[in-house]
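Residues 9 to 97 (my numbering) are what the sequence shown spells out, left to right.
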Amino acid sequence: MYKKKQAQDPKGMPALQILREAAGLSQSALAKQIPDKTGAKTLTQQAISNWERGIDEPELTIAQMKALCEALGKTLKDLPNNLGPPNRD
């Protein structure tokens, strides 16, 4: 079961993590709601972690984007352009 962490300062958090936690989802729970590109399986928790840490940038199909928006309870217009960690300029 997903345990809520203590509130963190959202300024330093990745955008996807903020959206995911607001939806009450763990990385694993979110991954299970997004099909892989073949549609045969779902994404892994590691894929979500890599997006949040900025290791990988999501390259989603339309079906995957729809699933992501539905899982987060957001529209495409609501999503930020960068789902990873904030830029450290």
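By construction, the Cβ of each residue, glycine as well, lies at the ideal position given by its N, Cα and C atoms. Predicted, not measured: the structure shown is a model, and the values here were computed from it.
1) Provide the residue span of the alpha helix (DSSP H) that contains LYS49, from first to last.
2) Quick check on GLY47: buried or exposed, where buried means 16 or more other Cβ atoms within 10 Å of its Cβ?
3) Excluding the 5 residues preceding and the 5 following ILE56 in the sequence, name in chain order all residues of the same chain whose CB lies nearer than 6 Å to its CB.
4) What's the call for GLY32, buried or exposed, on a 16-neighbour Cβ count within 10 Å?
5) Which residues mark the beginning and the end of the alpha helix (DSSP H) in which ALA31 is found?
To lay it out plainly:
1) In the sequence shown, the residue the question calls residue 49 occupies position 41. Note, LYS49: premise wrong, no alpha helix (DSSP H); not H, not E.
2) For the purposes of this step, residue 47 is identified with residue 39 of the sequence shown, where counting begins at 1. Flag for GLY47 reads exposed.
3) Stepping through the sequence shown from its first residue, residue 56 is reached at position 48. Contacts found: GLN35, LEU38, ALA39.
4) Here residue 32 is taken as the residue at index 24 of the sequence shown, counted from 1. By the 10 Å Cβ count, GLY32 comes out exposed.
5) Position 23 of the sequence shown, counting from 1, holds the residue named residue 31. Here ALA31 belongs to no alpha helix (DSSP H), and DSSP marks it neither H nor E.
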